[in-house]
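Everything below concerns the one structure shown next.
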Amino acid sequence: MRSDLFEYFRPDDDEFEELWRGAVVVPDANVLLNLFRYSRKLSEELIRLFESISDKIWIPHQVAYELLKNQHKVHVSMDAIYDKISGICRDVLQNTNSQLEEFKKEYRQHPSINFDEYKIEFENAISVVKNKLEITRKDHPSDEEYRLIVHRVSDLFSGQVGPAFSSQELEAHKVTVKSRYDNKIPPGYADAAKEDGGIGDFLIWLQILKYAKDNSKNIIFITEDIKEDWWLRVSGRTIGPRPELRREFYEQTGRKFYMYTLVRWLERARQQGEGAISEASVAEARAQFNADVAESEREALSSVRQNLNWINHYRHIASTRRMPDLIERYNEISTSISNIDDVLQAVIKNKTSSELNLSTFEDIFKSRLKLERELLKIRKEMDQLQHSSSSDLPDPYPVIARWRDDVIRSEEKD
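In C-alpha cells:
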C-alpha cells in the first residue's frame, strides 16, 4: 500500500535523510522577501545559510520575478511603519495634552488630581515609546543595506535561476490554470480571485517540475504560504504537503518532493548541522511567521465576512423583488374576501332563510376559506423574507482562528 499510495505517507527517516542529502532547495519569493523584513542579524544569518548550500539551491524564474517586482514595496512599507508609529505617538500626546488642559480649566480646584503631573507622566511614557522605536529603527537594515541584500541574493542565485516561459507557453498555461483552479487542483487555486487569476503559484510549480525532470533532482520547497492549496489540512490540523502535489511531482519527474515553512526548515537545518543559524534567529523567524499567520487570519476573516455580506445583500435583493408581488397578491385576496363578505351580508339582509340556497352558500364559504388559506400562506412567506433579509449569518471566526497553529504543528515529527 505504501508504495502505491506513498503520497499519503509521511517520509520515513531514511527518506528524509535522502532528501536532505541530495535534494535541491527551492525558496519561495515570500521567503526571500522576508530578508527585507527581518532584523539585520537574522537576514545576515539566513543569507549565509543559503550561501553555505549554494551548490544545491535554485529558484524558478517566477520566484525571481516576484522577488524583484515586490522588493521596493516591502522595503518602503518596512520604513513607513516607523513614521506611522511616530505619528501615532505625536497625535496621542497632542490629544492627551489638549484634553488635560480642558479638564484643568474645568476642574481647576480638584482636590486630588494634579493635571500638570499627569501631563508630565504622559509625555514621559510617549518619550519611552519613541526612544524604543528609534533603537529598533537603528537595528533595521538601512537603505544601503537593503541594496546590499538585493545584490547578495542576486549573486547567490547567479546561474541558478530557471528560464522564463515564452509568450506562447504562457498563454497555454493560462488556459490550463483555469481548468485546474475550477477543479480545485493545487497549487494556486486559493489565489484565483487575484487580478492576474492567481497564476503565479502555478507557474512556480510548473518551473519546479521542469527543472526536477530535466536534472533528475529531488526538491525541498520552502514557503511561507500556508493556504490549503499547498498544505493538506484535516480537522484544523496541517498534515503536510498536499498529496496531489507529491503524486504529480513523482509522475512528472520520477523524483521526490517535500515542503517546509522557513521556521521548520531552519530548525531542521540546525539539527543537520548545516550553516550557522542561532536559536535567537529561529525565534525571530517564528515570531514573524506567527504574525504573518495572524494577518492571514484577519484577511481571510475579512474576505469571508465580505462574502457573507454579499450573500445577505443578494438575499435582500431577492426578497425585495419578491415582496412587491406578494403584497400585490395579498391585497387582491384581501379585497376578494371583503367583497364576498359584503355580498353575503347583503343577501342575508334582503332575503329570508327559506329563500336562501344552502348549496350556493356552501360553495361561497369554501371559496372564502380557500382564499383565507392562500392569504395565510402569503403572510408566512412575507414574514420569512423579512426575517431572512435582516438576519445575520454565523460568525466564521471560530473556524478560521484554528489556522494560527496549523502549520507550526504540521511537521512536529519531521
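Going by my numbering, the first residue of the sequence shown is number 73, and it counts up by one from there.
Here a beta-carbon is modelled for each residue, glycine too, at the ideal position from N, C-alpha and C.
Terminal residues of the alpha helix (DSSP H) in which residue i lies
i    : result
L107 : Segment: none, L107 is in no alpha helix (DSSP H) and carries neither H nor E.
V247 : S239 to D254
T325 : P315 to T325
L228 : D215 to L228
D268 : Premise fails: D268 is in no alpha helix (DSSP H) and is neither H nor E.
D84  : That residue, D84, is in no alpha helix (DSSP H); it is neither H nor E in DSSP.
Y261 : Per DSSP, Y261 belongs to no alpha helix (DSSP H) and is neither H nor E.
I276 : G272 to N287
Separation of residue j from residue i, as counted between CA atoms
i    : j    : result
K113 : G345 : 19 Å
S462 : S149 : Residue placement at S462 is poorly supported in this model, since its pLDDT is 47, which falls under 50; the coordinates still yield a value, given next. Those two C-alpha atoms are separated by around 40 Å.
D155 : S226 : 30 Å
E89  : G159 : 51 Å
S75  : L317 : 16 Å
R342 : D273 : 28 Å
L104 : A352 : 19 Å
F175 : D151 : 37 Å
E339 : V354 : 7 Å
Q324 : L275 : 15 Å
I207 : I125 : 33 Å
E356 : E217 : 19 Å
K256 : I298 : 16 Å
G231 : D286 : 16 Å
E178 : R209 : 41 Å
S251 : G312 : 25 Å
F108 : F187 : 44 Å
V106 : R82  : In the sequence as displayed, the identity of residue 106 is Asn instead of Val. Going from the Cα of N106 to the Cα of R82 covers about 28 Å.
L228 : V98  : 13 Å
D397 : S439 : 22 Å
G326 : V146 : 37 Å
R224 : Q279 : 23 Å
L448 : Q417 : 23 Å
Secondary structure of residue i, DSSP reduced to three states
i    : result
I192 : helix
R309 : strand
L465 : Since pLDDT at L465 reaches only 42, below the 50 mark, its modelled position is unreliable, and the value read off the structure follows with that caveat. Here L465 sits in coil by DSSP.
F293 : strand
L304 : strand
I129 : strand
S425 : Low per-residue confidence applies at S425: pLDDT is 46, beneath 50, and the placement is therefore not dependable, though the value from the model is reported in the following sentence. The answer is helix: DSSP assigns S425 an H, G or I state.
P470 : At P470 the pLDDT is 43, less than 50, meaning the model places this residue with poor confidence; the figure from the coordinates comes in the next sentence. DSSP places P470 in helix when its eight states are reduced to three.
Sub-8 Å separation of residue i and residue j beta-carbons
i    : j    : result
G269 : V249 : yes
A348 : R120 : yes
A101 : N290 : no
K21  : L77  : Residue 21 lies beyond the stretch modelled for the chain, which goes from 73 to 486, so this question has no answer here.
P235 : H133 : yes
F361 : V335 : yes
M395 : M331 : no
A136 : V233 : yes
I198 : L165 : yes
I412 : I450 : no
L172 : K191 : yes
I129 : F122 : yes
S350 : E117 : yes
L443 : I399 : no
A262 : D301 : yes
Residue range of the unbroken beta strand (DSSP E) whose run includes residue i
i    : result
V97  : V96 to P99
Y332 : F329 to Y332
Minimum Cβ-Cβ distance from residue i to chain C less than 8 Å
i    : result
R314 : Protein chain content of the structure displayed is limited to a single chain, and chain C is not contained in it.
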